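Chemist:
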Amino acid sequence: MKQISIVGIDLAKHVFQLHAADARGHNIFNKQVKRDQLRLTLAQLPPCRIAMEACGSAHYWAREIRALGHEAELLPPQAVKPFVLGHKNDARDAAAIAEAAARPATPRVTIKTEAQQSLQAVHRVRSRLVRERTAIGNELRGLLGEFGLIVSQGHAVIRQGVIRERLDEQRARLGEELYTLLNDLLDQWLENDARIARYDKRLQRQAKASADMQRLMSLPGIGPINATLLFSHLGDPARFPNGRQFSASLGLGGVNN
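Those letters in the sequence shown? Residues 1 to 257, per UniProt numbering, in order.
1. Between the Cα of A121 and the Cα atoms of V15, T228 and D212, which residue gives the shortest distance?
2. Can you list, in chain order, the residues of its chain whose CB lies under 8 Å from that of Y199, leaving out five sequence neighbours each side?
3. How would you write the range of the alpha helix (DSSP H) that I111 sits in, first residue to last?
4. Below 8 Å, how does it come out for the region 42-54 and the region 69-78: are there three or more Cβ pairs, yes or no?
5. Is the beta carbon of I4 sitting closer than 8 Å to the one on A98?
6. Any contact of the region 168-184 with the region 212-223, i.e. 3+ C-beta pairs under 8 Å?
7. Just to confirm my understanding: we take F16, look at its own chain, exclude 5 residues before and 5 after, and list those with CB closer than 8 Å. What are they?
8. Suppose contacts are defined by Cβ-Cβ distances below 8 Å. Is Q188 in contact with I111 by that definition?
9. For S34, does the three-state DSSP call read helix, strand or coil?
10. What would DSSP say about R24, mapped onto helix, strand or coil?
11. Hey, would you say P107 sits closer than 8 Å to A79, going by beta carbons?
12. On the three-state DSSP scale, how would you describe F231?
13. Classify S232: buried if its beta carbon has 16 or more other beta carbons within 10 angstroms, exposed otherwise.
Structure follows, in C-alpha cells:
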C-alpha cells in the first residue's frame with residue numbers, strides 16, 4: 001500500500017475535503033469528511049504532513065492536528081491558486097493544497113498560538129470600536145454645526161462634558177426631539193469610549209505579564225497597544241533573519257538584501 005506523505009485539507013464549516021498523496025504526488029484518496037469526524041479520521045492516519053490554506057479556523061485546526069502527532073502546515077491562499085486545475089471545487093482545491101505543500105519553495109504561514117489569536121481578537125474588536133467612535137463623533141459634531149453649535153476637536157472636549165453643557169444650555173432652542181437625539185449620540189460615543197478604555201486596560205495587563213512584550217515596550221514609541229499587536233503577529237521570531245524581514249512581513253517597507 002502506498003504510504004501517505006501529504007494530506008491537503010480544504011477547510012469548511014461542516015464538510016471538509018481531504019486529498020492524500022504519496023511522496024511522488026500520486027493520489028491515494030480524495031474524500032469528504034464531516035466536521036465531527038475529522039479528528040477521528042486524522043487520528044487513524046500514520047504521522048504525515050497535513051496542509052491547509054491560511055484562512056478562517058486554520059490556526060485552530062493546525063494546533064489540533066499537531067496534537068494528533070502530525071506535522072501541520074499553513075499555506076498562503078495566493079500560493080495555492082496556481083495549482084488549481086480546471087474549475088474550482090472542493091476536491092480540486094484540496095489537491096492543489098497538497099501539490100503546493102509538496103513544493104519546498106512554497107511559503108508557509110506561521111501557526112499562531114491561542115494566546116496570539118486571543119490578542120488579535122481583542123485588537124480586532126478594539127479597532128472596530130475606535131472606528132465607530134470616530135464615526136459617531138464626526139456625526140455628532142456635524143449635526144451640532146448644522147444648528148450653530150461649534151465645539152473644539154478632541155476627545156477631551158466630549159469626555160469633560162462640554163457638549164452636554166452646550167446641549168443643556170440650548171435645549172429650549174433646539175427642541176425636545178433634536179435635544180434627545182443629540183444626547184443619544186453623545187451617550188453612544190461615551191459608551192464606545194468607555195469600552196475602548198476597558199480593552200486598553202486588558203491589553204496593558206497582558207503586556208505587563210509578558211517578558212517578551214516588556215522587551216518590546218523598551219523600544220522608543222512602543223507602548224502596551226503596539227507591543228501586544230506586534231506580539232500577536234510575530235509568531236516564531238526565529239523565522240526572521242533580521243528586523244527588516246519582520247518589518248516587511250507587516251508591510252512596513254521593502255527589504256534590502
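Just so it is clear, CB atoms sit at the ideal spot from N, CA and C, and this is done for glycine as well. All values reported here derive from a predicted model rather than from experimental measurement.
Modeler: Inspection of the coordinates gives the following:
1. T228
2. V122, V125, R126 and L129
3. Looking at the DSSP string, I111 is not in any alpha helix (DSSP H), and its letter there is neither H nor E.
4. yes
5. no
6. no
7. I9, D10, Q32, V33, K34, R35 and L38
8. no
9. Here residue 34 is Lys; the residue named in the question, Ser, does not match the sequence. K34: strand per DSSP, three-state reduction.
10. coil
11. yes
12. helix
13. buried
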